[in-house]
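In the working numbering, the protein residues as written are 1 to 493. Step one of this worksheet: look at the structure below.
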């Protein structure tokens, strides 16, 4: 969030029928709060600060996205959203005009007044939350976030699923930020990593909502609020029961869940988070074209934060593309890799990926424990698996590329019965540790490279690596070289 240098944050800025309360980050049309995203508010603050003068696109981008690489289209989208929200151009009233080749200018008269009791702030006072301050911009998720913001108030229960490090919490918090002004009774983050006992879930929720512990859920019956239940996978059954009860007792409540598997609750809409987009290996790209891919955007943004003056050059593109590919477009992995740019330089970061497990152990001290390292994120998932699931995951580490159930069965050499193996595969898919793809008349499965490195280390630690390799090699030999290549089988090097 950018602070306005020349305006007191206790000031209310009046223009047209609107009052912009800087401290609350709220625009009121009379007593009605306008639904407006955080970036749009940032842009409006800058324009009002310089009301009557032209603000260049470059200055707006630098002020609103100080640490990000942003295209002009992003600015235009937010300006358009601002104009729609303010009714710019309706009945001849203009607020923001485009000055061709120069930038934008706020043209309406602006009056400064103390944010006192004469302006109705009932709506502002009801906008409550416990969301943490966002320290970095959200990269590559604008379209998804916009879709979730539109859907959530209607569908009421949305679960974001995906593997550790894919950015579920980041997306959920951004959606929550943008919906702050929609919910009369606020937006509340319920971090479930702080508790292990399912019996504590309701009491934990009560404390977050500043309710007396033991209070019946009936007290929420009139609430118009959004609850963000973050990291539900280890309390899966209890969370499902609680969410179903909440939605039944509080018809104006919405719930946004993050989990590595769906709750499978009544009325649940499941949204899988995809990886960030990565440039194709075969394409010859210019720098501006490469920057159109969100994985590259994130890498460059985080590299610039670590190394002043970092610039992506044409000769760097093959290395950056390779890094993003080998990290599967996984945001946490890309951030951890980019954080090493000042110590290792680009080629050093690329070379480090040959020992992917070393990357898994690199940390971010400011993050919560499960997000400090990729290993911590994978440990969190692994410890929630059954012994069967752990065994299947370990043995799948011999597959470097996509594989079929038939290949997995053959490579296991009868160590796990086919029916149990199929059950384990499907369970790992549900828990976001294995991806499932349909193609060529068969279902193919694939491990992320970071997950595979983790599973391989676990397999080696179990003492069974050599036996699994032998079983795998025997299967490849029997299946024949052509069949092996068709399903993408490669022996561990």
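Note that CB positions come from ideal geometry on N, CA and C, so glycine has one too. What you are looking at is a predicted structure, and each value in this text was computed from that prediction instead of being measured.
**Asked** So is the beta-carbon of residue 260 under 6 Å away from any non-hydrogen atom of the ligand NAD?
**Response** Of ligands this structure carries none, so the ligand NAD is not represented either.
**Asked** On the three-state DSSP scale, how would you describe residue 282?
**Response** Here residue 282 sits in coil by DSSP.
**Item:** Span of the alpha helix (DSSP H), counted from its first residue to its last, around residue 65
**Value:** Note, residue 65: premise wrong, no alpha helix (DSSP H); not H, not E.
**Request:** Assign residue 19 to one of two classes, buried (16 or more other C-beta atoms within 10 Å of its C-beta) or exposed (fewer than that).
**Result:** Buried.
**Prompt:** With burial defined as no fewer than 16 other Cβ atoms inside 10 Å of the residue's Cβ, what is the status of residue 275: buried or exposed?
**Reply:** Residue 275 should be labelled buried.
**Asked** Distance, Cα to Cα, residue 165 vs residue 333?
**Response** Taking the straight line joining both Cα atoms gives about 7 Å.
**Prompt:** How should residue 73 be labelled, buried or exposed, when 16 other C-beta atoms within 10 angstroms of its C-beta is the threshold for buried?
**Reply:** Looking at its Cβ environment, which holds fewer than 16 other Cβ atoms inside 10 Å, residue 73 is exposed.
**Message:** Along the chain, where does the beta strand (DSSP E) containing residue 442 start, and where does it finish?
**Reply:** Following the DSSP letters along the chain, one finds residue 442 inside the beta strand (DSSP E) bounded by residues 442–446.
**Message:** Please return the same chain residues whose Cβ sits closer than 7 Å to the Cβ of residue 65, not counting the five positions on each side in sequence.
**Reply:** The answer, listed in chain order, is 137.
**residue 434 versus residue 287: straight-line alpha-carbon distance, rounded** = A straight line joining the alpha-carbon of residue 434 with that of residue 287 spans about 33 Å.
**Prompt:** Do you know whose CA, among 70, 107, 63, 102, lies nearest residue 83's CA?
**Reply:** Measuring from the Cα of residue 83, the nearest candidate turns out to be 107.
**Status (buried if at least 16 other CB within 10 Å, exposed otherwise) for residue 232** = The residue is buried, with at least 16 neighbouring Cβ atoms inside 10 Å.
**Prompt:** For residue 219, which option in 197, 60, 240, 245 has the closest C-alpha, if you only look at C-alpha atoms?
**Reply:** Residue 219 has its Cα closest to that of 245, out of 197, 60, 240, 245.
**Prompt:** Going along the chain, which unbroken runs of the alpha helix (DSSP H) with 4 or more residues stay wholly within the stretch 306–341?
**Reply:** Unbroken alpha helix (DSSP H) runs of no fewer than 4 residues, entirely contained in the stretch 306–341, are found at 317–326, 331–338, following chain order.
**Item:** Beta-ladder partner(s) of residue 18, from DSSP
**Value:** Note: residue 18 sits in a beta bridge opposite 15, 29.
**Request:** Would you mind working out which of 29, 444, 336, 253 sits nearest residue 400, comparing C-alpha positions?
**Result:** Residue nearest to residue 400 within the set 29, 444, 336, 253 is 444 (criterion: CA-CA distance).
**Helix, strand or coil at residue 488 according to DSSP, with G and I counted as helix** = Confidence is the limiting factor: at residue 488 the pLDDT is only 42, short of 50, which leaves the residue's position unreliable and the question unanswerable from this model.
**Prompt:** Thinking C-beta only, is residue 350 closer than 7 Å to residue 319?
**Reply:** The criterion of a C-beta distance shorter than 7 Å is satisfied by residue 319 and residue 350.
**Item:** residue 13, buried or exposed, once every other Cβ within 10 Å from all chains shown has been counted against 16
**Value:** That one is buried.
**Asked** Do you know how far the Cα of residue 265 is from the Cα of residue 272?
**Response** The alpha-carbon atoms of residue 272 and residue 265 are separated by roughly 16 Å.
**Asked** Roughly how many angstroms lie between the CA atoms of residue 314 and residue 427, to the nearest whole one?
**Response** In this structure, the straight-line span from the alpha carbon of residue 314 to that of residue 427 is close to 43 Å.
**Sufficient close CB pairs (3 or more, under 8 Å) joining the stretch 158–174 to the stretch 195–207** = The stretch 158–174 makes no contact with the stretch 195–207: fewer than 3 CB pairs, one atom from each, lie closer than 8 Å.
**Message:** Let me check understanding here. Comparing Cα to Cα, which of 153, 156, 234, 375 lies closest to residue 457?
**Reply:** Of the listed residues, the one whose Cα sits closest to residue 457 is 375.
**Message:** If contacts are defined as beta-carbon pairs under 8 Å, then residue 323 and residue 339 qualify, I think. What distance do you get, rounded to the angstrom?
**Reply:** For a cut-off of 8 Å, the C-beta gap from residue 323 to residue 339 is around 12 Å, too long to register as a contact.
**Asked** Comparing alpha-carbon positions, which option in 207, 411, 459 lies nearest residue 472?
**Response** Here the closest residue by C-alpha is 411.
**Message:** Check this for me: beta carbons of residue 103 and residue 57, under 7 Å apart or not?
**Reply:** Inclusion of residue 103 and residue 57 in the CB contact set at 7 Å is warranted, their separation being smaller than that value.
**Asked** Should the stretch 153–164 be regarded as contacting the stretch 206–216, the criterion being three or more beta carbon pairs within less than 8 Å?
**Response** The stretch 153–164 is not in contact with the stretch 206–216.
**Request:** Count the other C-beta atoms from every protein chain shown that fall within 10 angstroms of the C-beta of residue 290, then say buried if there are 16 or more, exposed otherwise.
**Result:** It counts as buried.
**Request:** Could you say which of 306, 476, 249, 437 lies nearest to residue 402 if we only look at CA atoms?
**Result:** Comparing Cα-Cα distances from residue 402 to each of 306, 476, 249, 437, the minimum goes to 437.
**Message:** Please list the terminal residues of the continuous alpha helix (DSSP H) segment that includes residue 504.
**Reply:** Since the first and last residues shown for the chain are 1 and 493, residue 504 lies out of range.
**Message:** Helix, strand or coil, according to DSSP, for residue 199 in the structure here?
**Reply:** DSSP, read as helix, strand or coil, puts residue 199 in helix.
**Asked** Can residue 204 and residue 384 be called in contact, C-beta distance under 7 Å?
**Response** For residue 204 and residue 384, no; Cβs fall outside 7 Å.
**Request:** Run through the stretch 213–295 for me and flag every whole alpha helix (DSSP H) of 4 or more residues, listed as ranges in chain order.
**Result:** Secondary structure within the stretch 213–295: the alpha helix (DSSP H) runs of 4 or more consecutive residues, fully enclosed, are 236–249, 287–290 (chain order).
**Asked** Hey, quick one: how far does the alpha helix (DSSP H) through residue 73 stretch, first residue to last?
**Response** Going by DSSP, residue 73 is part of the alpha helix (DSSP H) stretching over 72–86.
**Request:** Measuring alpha carbon to alpha carbon, tell me which of 432, 29, 321, 422 ends up nearest residue 262.
**Result:** The residue with the shortest Cα to Cα distance from residue 262 is 432.
**Asked** Anyone know if the C-beta pair for residue 43 and residue 21 falls short of 7 Å?
**Response** No, Cβ-Cβ distance for residue 43 and residue 21 is not below 7 Å.
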